[in-house]
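What follows is one structure encoded as structure tokens, with my remarks underneath.
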Amino acid sequence: SNMNTEGIILVDADDASITVSWHPIGKASSSNPTKYSLQFRASTSPTDNGIDSGGSLLYTSLSTDLTGTTARKRNLTGAGHGFWFRVSAATKIKTRVDKSSMEYVGHACRRPFKVLTMMEQSRRMKSPVARIDSSTASPTPNSYVAHVSWKPYQTGGDEDALLLGYKLQMRANEGNVGWSTVAPCLSGTEVRKKNLTSKHGYMFRVRPVLRGESGGSESNLDFSISEGGNVIPFSSASDVVGARTGKGSSGSSSNDDLLKLFKKLPNDILLAKGGMKTVKLADAFAQVDLVLLYASAHWCPPCRKYTPQLVKLYNEAKKFYKSDPKRYKSIEIVFVSADHDMTGFKNYYATMPWLAVPYDADTRERLMSWMKVTGVPKLMCLDGRNGKILESNSVGRALDYSRFAKMAEKAQRV
Numbered sequence: 009s010n011m012n013t014e015g016i017i018l019v020d021a022d023d024a025s026i027t028v029s030w031h032p033i034g035k036a037s038s039s040n041p042t043k044y045s046l047q048f049r050a051s052t053s054p055t056d057n058g059i060d061s062g063g064s065l066l067y068t069s070l071s072t073d074l075t076g077t078t079a080r081k082r083n084l085t086g087a088g089h090g091f092w093f094r095v096s097a098a099t100k101i102k103t104r105v106d107k108s109s110m111e112y113v114g115h116a117c118r119r120p121f122k123v124l125t126m127m128e129q130s131r132r133m134k135s136p137v138a139r140i141d142s143s144t145a146s147p148t149p150n151s152y153v154a155h156v157s158w159k160p161y162q163t164g165g166d167e168d169a170l171l172l173g174y175k176l177q178m179r180a181n182e183g184n185v186g187w188s189t190v191a192p193c194l195s196g197t198e199v200r201k202k203n204l205t206s207k208h209g210y211m212f213r214v215r216p217v218l219r220g221e222s223g224g225s226e227s228n229l230d231f232s233i234s235e236g237g238n239v240i241p242f243s244s245a246s247d248v249v250g251a252r253t254g255k256g257s258s259g260s261s262s263n264d265d266l267l268k269l270f271k272k273l274p275n276d277i278l279l280a281k282g283g284m285k286t287v288k289l290a291d292a293f294a295q296v297d298l299v300l301l302y303a304s305a306h307w308c309p310p311c312r313k314y315t316p317q318l319v320k321l322y323n324e325a326k327k328f329y330k331s332d333p334k335r336y337k338s339i340e341i342v343f344v345s346a347d348h349d350m351t352g353f354k355n356y357y358a359t360m361p362w363l364a365v366p367y368d369a370d371t372r373e374r375l376m377s378w379m380k381v382t383g384v385p386k387l388m389c390l391d392g393r394n395g396k397i398l399e400s401n402s403v404g405r406a407l408d409y410s411r412f413a414k415m416a417e418k419a420q421r422v
């Protein structure tokens, strides 16, 4: 894996497009952000090494005012020998495109980038689905965990019998970071990746590993999505997961107002998994559409009856969301205990799959008064993006996933 390389790297390709990325160039300021000029040309022969002597080879300008460090070129055709890209920082004064090629940055590897053949494209797996897993603790401070899953590889032919497993790669969503292998041959179709730290987030890609693979080499991934030989190319990249800018999946307002409800939470930590684990507050509600605050207590018989019904809703919501995050809404529940003592709290919370405010935290009392809890159980439904109250008490209403999903949908349209 070419970590932190200078130059343009290949992020993705299919049979008609190439996505490239590069390291930030030049000194940008907030008032004058760097604009990039990106150009490309078809490689002329197997010996064309991308060095353009005397400027005789014509590049086509893709854009002269890119602000990001990633771009996708579509409708690439006739690519017998691949394509060369070059990028420069277009400062205010020099927006003319005819600069000498000295000021351009070329490929990190001295090879042209390849599109896939239609045959190769047809054999690729679908992109994996990646999401933040806030219920799993990450060992490193300020890091997070991604849950990555993919659909099993099927060809309908004999290749299913030949399937050894899956090769998974990841890259931080930063201009100059290449792909690296997470695992060369996984037997399952999901994995948790811990200790993720990049505030720009990560993307993942996967390919099947088949018996009888030959002729492939990881070094070919510098300029192709395929390792070569008879190896099946990697899938396209998953959506970026874990980016810290513009909080929450819906991006509109930041969820700081939601997090304010938990202020002075000791070490900014919530309990998870019935008390077996902990979760950083900052990660607890990333990508969450609805947050339900559940005031409840073990000494209260109606609560004891209500909790298993809520567990059912919670597990159902998690299953839906996991199956298709773009289509389904995500729900997180936080237990706000009204138990009389720590033992009561511990025993009751051990039966719950969601998050909880630690019993001994002042935050718990504060939340109860903010929720205006006069009796339990009380279930308050908040917009996960901004903490707005969508339903002050859902107890007595149908514990129906589609009802909550519609509530989130309506709130997000506003």
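Going by the numbering used here, the sequence shown wraps up at 422, each residue one higher than the last. Quick reminder that beta carbons are idealized off the backbone N, C-alpha and C, glycines included. Fair warning: this is a prediction, and the values are worked out from it, not measured in the lab.
Coil, strand or helix - residue i by DSSP
i                 : result
cysteine 311      : helix
arginine 372      : helix
threonine 351     : helix
glutamate 128     : helix
lysine 81         : strand
serine 188        : strand
asparagine 263    : coil
glutamate 221     : coil
phenylalanine 343 : strand
glycine 58        : coil
glutamine 420     : helix
asparagine 203    : strand
arginine 49       : strand
methionine 415    : helix
alanine 290       : helix
glutamate 111     : helix
Assumed close pair residue i, residue j - CB separation to whole angstroms, cut-off 8 angstroms
i                 : j              : result
phenylalanine 121 : isoleucine 240 : No, phenylalanine 121 and isoleucine 240 are not in contact; Cβ-Cβ is about 19 angstroms, not under 8 angstroms.
tyrosine 174      : leucine 204    : With a Cβ gap of about 20 angstroms, tyrosine 174 and leucine 204 do not count as contacting.
valine 365        : leucine 278    : 6 angstroms
alanine 154       : glycine 15     : No, alanine 154 and glycine 15 are not in contact; Cβ-Cβ is about 27 angstroms, not under 8 angstroms.
tyrosine 67       : arginine 49    : 5 angstroms
aspartate 297     : glycine 392    : 5 angstroms
C-alpha gap between residue i and residue j, whole angstroms
i              : j              : result
serine 96      : asparagine 83  : 23 angstroms
glycine 283    : serine 151     : 20 angstroms
alanine 138    : glycine 186    : 18 angstroms
asparagine 355 : proline 385    : 17 angstroms
glutamate 208  : leucine 65     : For the record, residue 208 in the displayed sequence is histidine; it is not glutamate. Answer to the nearest angstrom: the Cα atoms are 36 angstroms apart.
threonine 72   : alanine 245    : 26 angstroms
proline 316    : valine 342     : 15 angstroms
histidine 348  : isoleucine 397 : 27 angstroms
glutamate 226  : isoleucine 233 : 10 angstroms
isoleucine 101 : tryptophan 30  : Its pLDDT being 45, under 50, isoleucine 101 is placed unreliably by the model, and the measurement read from it follows with that caveat. C-alpha separation (whole angstroms): 22 angstroms.
lysine 418     : glycine 114    : 47 angstroms
tyrosine 367   : threonine 351  : 10 angstroms
serine 377     : glycine 250    : 33 angstroms
aspartate 23   : leucine 124    : 4 angstroms
alanine 305    : lysine 320     : 18 angstroms
arginine 6     : serine 53      : With the chain covering only 9 through 422, there is no way to say anything about residue 6.
serine 258     : glutamine 420  : Low local confidence applies: a pLDDT of 36 at serine 258 is under 50, so the model's placement there is unreliable, with the coordinate-based value given in what follows. Cα-Cα distance, rounded: 8 angstroms.
lysine 334     : alanine 303    : 30 angstroms
tyrosine 161   : glycine 196    : 11 angstroms
valine 28      : glycine 383    : 57 angstroms
lysine 414     : glycine 88     : 50 angstroms
glycine 237    : glutamate 128  : 11 angstroms
Counted within 10 angstroms of its Cβ, other Cβ atoms place residue i as buried (16 or more) or exposed
i              : result
alanine 406    : exposed
methionine 388 : buried
leucine 46     : buried
arginine 411   : exposed
serine 260     : Residue confidence for serine 260 is low, a pLDDT of 33 falling below 50, so the modelled location carries little weight; the figure read from the coordinates is stated next. When all chains shown are included, serine 260 counts as exposed.
asparagine 12  : Its pLDDT being 48, under 50, asparagine 12 is placed unreliably by the model, and nothing is read from it.
arginine 372   : buried
isoleucine 59  : exposed
tryptophan 92  : buried
asparagine 431 : The structure shown has nothing for residue 431, since the chain only spans 9 to 422.
tryptophan 158 : buried
serine 338     : buried
glycine 76     : exposed
glutamine 177  : buried
asparagine 275 : exposed
arginine 200   : exposed
alanine 358    : exposed
Pair within 7 angstroms by beta-carbon distance, residue i and residue j
i                 : j                 : result
leucine 390       : valine 287        : no
tyrosine 409      : glutamate 324     : yes
tyrosine 322      : proline 361       : yes
phenylalanine 242 : arginine 219      : no
lysine 202        : serine 135        : no
leucine 289       : phenylalanine 270 : yes
alanine 369       : leucine 229       : no
serine 143        : alanine 280       : yes
leucine 363       : valine 344        : no
serine 130        : glycine 90        : no
leucine 18        : phenylalanine 212 : no
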